[in-house]
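**Q** For the sequence shown, our numbering assigns the number 7 to the initial residue and increments by one for each residue that follows.
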Amino acid sequence: MFEPKQGRFGVVSVDHKAGRSAAFALLNDEEVAPMPAKRESAFAIAQFQFDCAADLLDLSPCLRQVLRVPERELSVHFPVKRDDGSIMVLQGFRVQHSLSRGPTKGGIRYHPQLDLDDVRALAMWMTWKCAVANLPYGGAKGGVLVDPKLLSPGELERLTRRYTTEISIQLGPEKDIPAPDMGTNEQTMAWMMDTISMHKGYTVPAIVTGKPINIGGSHGRNEATARGVSFLLVEAARHVGLPLDRAKVAIQGFGKVGASTARFLHDMGATIVALSDSRGAIYNPNGISSTQVQRHKGLTGSVVGYPEAETLTNAELLELPCDILVPAALSHQITRENASRVQARVICEAANGPTTPEADAILHDRGRFVLPDILANAGGVTVSYFEWVQGLQSFFWQEPEVNAQLEKVMSTAFRQVLRTAQERNVTMRNAAYLIGVERVAQAVLTRGIYP
Ligand code: GLU
7 MFEPKQGRFG VVSVDHKAGR SAAFALLNDE EVAPMPAKRE SAFAIAQFQF
57 DCAADLLDLS PCLRQVLRVP ERELSVHFPV KRDDGSIMVL QGFRVQHSLS
107 RGPTKGGIRY HPQLDLDDVR ALAMWMTWKC AVANLPYGGA KGGVLVDPKL
157 LSPGELERLT RRYTTEISIQ LGPEKDIPAP DMGTNEQTMA WMMDTISMHK
207 GYTVPAIVTG KPINIGGSHG RNEATARGVS FLLVEAARHV GLPLDRAKVA
257 IQGFGKVGAS TARFLHDMGA TIVALSDSRG AIYNPNGISS TQVQRHKGLT
307 GSVVGYPEAE TLTNAELLEL PCDILVPAAL SHQITRENAS RVQARVICEA
357 ANGPTTPEAD AILHDRGRFV LPDILANAGG VTVSYFEWVQ GLQSFFWQEP
407 EVNAQLEKVM STAFRQVLRT AQERNVTMRN AAYLIGVERV AQAVLTRGIY
457 P
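1) In the structure shown, what three-state DSSP assignment does Y456 receive?
2) So the alpha helix (DSSP H) P76 belongs to, where does it begin and stop?
3) Buried or exposed: which applies to A296, given that a residue is buried once 16 or more other Cβ atoms fall within 10 Å of its Cβ?
4) Consult DSSP for R115 and reduce its assignment to one of helix, strand or coil.
5) Could you check the C-alpha separation between A243 and P249 for me, to the nearest Å?
6) Using 8 Å for Cβ pairs, my map puts A127 next to G359. What's the rounded Cβ distance?
7) Am I right that W131 and D379 are in contact with their C-beta atoms under 8 Å? What's the rounded C-beta distance?
8) Return the chain-ordered list of same chain residues with a C-beta closer than 8 Å to the C-beta of N344, the five sequence neighbours on each side being excluded.
9) Does S337 pass the burial test, meaning 16 or more other C-beta atoms within 10 Å, or should it be called exposed?
10) Report the residue ranges of all beta strand (DSSP E) runs contained in full by the region 340-399; include only those spanning at least 3 residues, in chain order.
11) Going by beta carbon distance, what residues of the same chain come within less than 8 Å of L122, once the five residues before and after it are set aside?
12) Mark N292 as exposed unless 16 or more other C-beta atoms lie within 10 angstroms of its C-beta, in which case mark it buried.
13) Hey, would you say S236 sits closer than 8 Å to F270, going by beta carbons?
14) What residues in its chain sit with their C-beta under 7 Å from that of P218, if we drop five residues either side in the sequence?
15) Could you check what DSSP says for E37 in three-state terms: helix, strand or coil?
16) Could you have a look at A321 and say whether DSSP puts it in helix, strand or coil?
17) Give the straight-line distance between the Cα atoms of G275 and R252, rounded to the nearest whole angstrom.
18) Is M198 near ligand 1 - that is, is its Cβ less than 7 Å away from at least one heavy atom of it?
19) Suppose you measure from the CA of R342 to the CA of R285; what does that come to, to the nearest Å?
20) With distances taken between CB atoms, is the gap from A230 to G113 smaller than 8 Å?
21) Between the region 294-313 and the region 329-336, do three or more beta carbon pairs fall short of 8 Å?
22) Which residues bound the beta strand (DSSP E) around L96?
23) Enumerate in chain order the residues of its own chain whose CB-to-CB distance from T452 is below 7 Å, with the five nearest sequence positions on each side excluded.
24) Skipping 5 residues on each side, what residues in its chain have a beta carbon closer than 7 Å to that of R70?
25) Please report the straight-line C-alpha distance between F15 and A447, rounded to a whole angstrom.
26) If you check the beta carbons only, do F355 and N383 fall under 8 Å apart?
27) Tell me which residues share the same chain as A43 and place their Cβ nearer than 6 Å to its Cβ, disregarding the 5 neighbours each side in the sequence.
28) Per DSSP, what are the beta-bridge partners of V255 in this structure?
29) Considering only C-alpha positions, which residue in the set Q119, G108 and V310 is nearest to A48?
30) Does DSSP put I294 in a helix, a strand or coil?
31) So, using beta-carbon positions, are I278 and T317 closer together than 8 Å?
32) Could you tell me the boundaries of the alpha helix (DSSP H) in which D64 lies?
33) Tell me whether the beta-carbon of T190 lies closer than 8 Å to the beta-carbon of R115.
34) Under three-state DSSP, which class holds Y525?
35) To the nearest angstrom, report how far apart P67 and G149 are at their CA atoms.
36) Report the three-state DSSP secondary structure of A335 (helix, strand or coil).
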């Protein structure tokens with residue numbers, strides 16, 4: 007049973023003092039919610055972040071119980087034929103965190119260190135991310151415990167088609183719509199779309215987003231996350247009084263998001279001083295040409311060894327002198343160990359979960375401006391939404407229209423989060439959570455509990 011406490015539920019109606027004390031929880035282990043331990047799982051971190059928002063919103067105990075766990079979790083084991091004729095049995099997941107605001111949405115990750123708790127956290131983050139951008143979706147995430155770099159294209163295709171079949175009971179344009187994430191790409195989405203279409207006997211383009219353009223993908227989807235990051239950095243730089251054309255930027259990760267972010271920021275006049283990939287980082291305080299690094303990586307397989315820069319570790323990159331730091335790779339990068347040495351004024355979380363709660367508190371204490379993941383990387387799912395809409399209507403947009411609509415969504419979300427942060431005197435992360443969690447909670451309340 008809910009205890010709706012309607013009058014105390016909304017952001018505006020929450021007692022300001024209570025908000026302040028819950029925000030303070032981020033600064034003091036002893037206050038309000040217990041801090042997750044040092045190497046806590048991503049899901050423990052996601053739940054801690056949710057608890058902070060729930061405290062700020064004075065959410066009823068029943069709503070907390072509903073929202074702090076996923077609605078549905080599917081775990082599958084399935085066989086895949088290797089090229090040499092042998093069989094490997096793999097584990098995969100699809101988790102749907104919340105179905106209250108619409109179909110569920112979120113990527114598919116292929117990674118050898120994935121576990122169910124990671125997928126739960128990523129699904130929950132998708133829920134708040136979609137709500138912050140005000141997209142009519144709940145959050146989901148899926149994945150397979152596998153290193154895609156060790157498989158041939160044929161093995162990857164058989165894996166994808168079998169995994170898609172295993173989780174197909176949960177998928178559908180009106181139910182749950184996957185997209186690319188770490189270790190997957192537009193080819194993976196094409197195989198998923200084809201597999202479901204073969205089962206149905208007709209083509210179902212809106213079953214996935216992030217597809218190739220020739221089978222119903224959207225212009226601008228590939229670079230959407232990076233474009234969203236750069237739109238937000240324009241707003242954030244203006245807010246903190248940092249001229250973007252004099253800003254020095256360090257980017258951790260040179261995948262789809264990191265590489266395109268480097269290019270967009272360079273085009274805006276910023277100086278990219280550091281870049282990295284899984285093998286290491288490169289640094290030149292006078293600037294690095296991301297186009298030349300791309301060429302170098304194409305030839306050698308890594309950014310490391312690029313002649314006009316010194317080589318560092320990924321950890322060292324985070325502590326470099328720069329104005330803007332963009333973690334665009336893995337989670338758990340900025341921790342209680344290194345947060346006090348982060349020099350950047352603005353941190354833009356293009357990756358999911360790069361900052362632990364302890365680090366968050368330290369960064370806040372040191373006056374750093376953090377654009378939290380559920381806001382910072384929402385550009386990808388926003389253009390996924392545009393692609394889904396285009397697919398359902400069979401009416402396709404040109405790229406300038408996609409980018410203009412994306413800019414509108416990102417700058418509206420930024421302004422709403424900033425205003426909430428200022429009005430409630432909370433961090434940008436807490437403000438984004440306040441907005442996201444409240445929108446989902448309101449949907450649950452409005453719909454009521456069935457039966
Ligand atoms: N995997 C991306 C994310 O974490 C995109 C999800 C989507 O487009 O559905 O936001």
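C-beta: ideal position from N, C-alpha, C; glycine also.
**A** According to the structure shown:
1) What you label residue 456 is simply residue 450 of the sequence shown in a count that begins at 1. Reduced to three states, the DSSP call for Y456 is coil.
2) Residue numbering aside, residue 76 sits at position 70 when the sequence shown is read from its first letter. Where P76 is concerned, there is no enclosing alpha helix (DSSP H), given that its DSSP letter is neither H nor E.
3) Indexing the sequence shown from 1 puts residue 296 at position 290. It is worth fixing the name first, because residue 296 is Ser in this sequence and not Ala. S296 should be labelled buried.
4) Working through the sequence shown from its first residue, we reach residue 115 at position 109. R115 falls in the strand class under three-state DSSP.
5) As a working note, residue 243 is residue 237 in the sequence shown. As a working note, residue 249 is residue 243 in the sequence shown. When rounded, the distance between both Cα atoms is 6 Å.
6) Stepping through the sequence shown from its first residue, residue 127 is reached at position 121. Stepping through the sequence shown from its first residue, residue 359 is reached at position 353. Going by Cβ atoms, the distance from A127 to G359 rounds to 7 Å, so yes, they are a contact pair.
7) Numbered from 1 along the sequence shown, position 125 holds the residue referred to as residue 131. Numbered from 1 along the sequence shown, position 373 holds the residue referred to as residue 379. W131 to D379, Cβ: 7 Å. Contact.
8) Translated into the one-based positions of the sequence shown, residue 344 becomes position 338. So the list reads A321, L324, E325 and A365, once near-sequence residues are dropped.
9) Along the sequence shown, one-based indexing puts residue 337 at 331. Classification of S337: buried, given that the 10 Å Cβ count is 16 or more.
10) 352-354 and 375-377
11) Position 116 of the sequence shown, counted from the first residue, corresponds to residue 122. Same-chain partners within the cutoff: E79, S81, F99 and V101.
12) Working through the sequence shown from its first residue, we reach residue 292 at position 286. Flag for N292 reads exposed.
13) In the sequence shown, residue 236 corresponds to position 230, counting from 1. In the sequence shown, residue 270 corresponds to position 264, counting from 1. In contact: S236 and F270 (Cβ atoms closer than 8 Å).
14) For the purposes of this step, residue 218 is identified with residue 212 of the sequence shown, where counting begins at 1. Here the set comprises E192 and A196.
15) Working through the sequence shown from its first residue, we reach residue 37 at position 31. Interpretation of E37 is limited by its pLDDT of 29, a score under 50 that renders its predicted location unreliable; the figure taken from the coordinates is listed afterwards. E37: coil per DSSP, three-state reduction.
16) For the purposes of this step, residue 321 is identified with residue 315 of the sequence shown, where counting begins at 1. It is helical.
17) The sequence position of residue 275 within the sequence shown is 269, counting from 1. The sequence position of residue 252 within the sequence shown is 246, counting from 1. Those two C-alpha atoms are separated by around 7 Å.
18) Reading the sequence shown from its first residue, position 192 is the one you call residue 198. Every heavy atom of ligand 1 is 7 Å or more from the Cβ of M198, so no.
19) Start at 1 with the first residue of the sequence shown, and residue 342 comes out as number 336. Start at 1 with the first residue of the sequence shown, and residue 285 comes out as number 279. Their Cα atoms are separated by approximately 24 Å.
20) As a working note, residue 230 is residue 224 in the sequence shown. As a working note, residue 113 is residue 107 in the sequence shown. No, the Cβ-Cβ distance between A230 and G113 is not below 8 Å.
21) no
22) Translated into positions along the sequence shown, residue 96 becomes position 90. First-last of the beta strand (DSSP E) with L96: I93 to Q102.
23) The residue given as residue 452 occupies position 446 in the sequence shown. So the list is empty, once near-sequence residues are dropped.
24) Here residue 70 refers to the residue found at position 64 of the sequence shown. Excluding positions up to five away in sequence, the list reads A60.
25) Counting from 1 along the sequence shown, the entry for residue 15 is found at position 9. Counting from 1 along the sequence shown, the entry for residue 447 is found at position 441. Unreliable placement is indicated for F15, whose pLDDT of 23 sits below 50; the coordinate value is still reported in the next sentence. Computed Cα separation, rounded: 9 Å.
26) Position 349 of the sequence shown holds residue 355. Position 377 of the sequence shown holds residue 383. With the sequence shown as reference, residue 355 is identified as Glu, and Phe is not the correct amino acid for it. Cβ atoms of E355 and N383: closer than 8 Å.
27) The residue given as residue 43 occupies position 37 in the sequence shown. With a pLDDT of 43 at A43, under the threshold of 50, the modelled position of that residue is not reliable, and the figure given next carries that caveat. So the list is empty, once near-sequence residues are dropped.
28) The residue labelled residue 255 in the question sits at position 249 within the sequence shown. Per DSSP, I278 and I330.
29) For the purposes of this step, residue 48 is taken as the residue at position 42 of the sequence shown. Closest by alpha carbon: Q119.
30) Taking the first residue of the sequence shown as position 1, residue 294 is located at position 288. It is coil, neither helix nor strand.
31) As a working note, residue 278 is residue 272 in the sequence shown. As a working note, residue 317 is residue 311 in the sequence shown. Taking 8 Å as the Cβ cut-off, I278 and T317 do not qualify as a contacting pair.
32) On the sequence shown, residue 64 is found 58 positions in, with the first residue counted as 1. Careful: D64 lies outside any alpha helix (DSSP H) and carries neither H nor E.
33) As a first step, residue 190 must be located in the sequence shown, where it is residue number 184. As a first step, residue 115 must be located in the sequence shown, where it is residue number 109. Yes, these two residues count as a Cβ contact at 8 Å.
34) As shown, the chain starts at 7 and ends at 457. That puts residue 525 outside it, with no answer to give.
35) Walking along the sequence shown from the start, residue 67 turns up at place 61. Walking along the sequence shown from the start, residue 149 turns up at place 143. Their backbone Cα atoms lie some 31 Å apart in a straight line.
36) As a position in the sequence shown, residue 335 is number 329, starting the count at 1. Correct three-state label for A335: coil.
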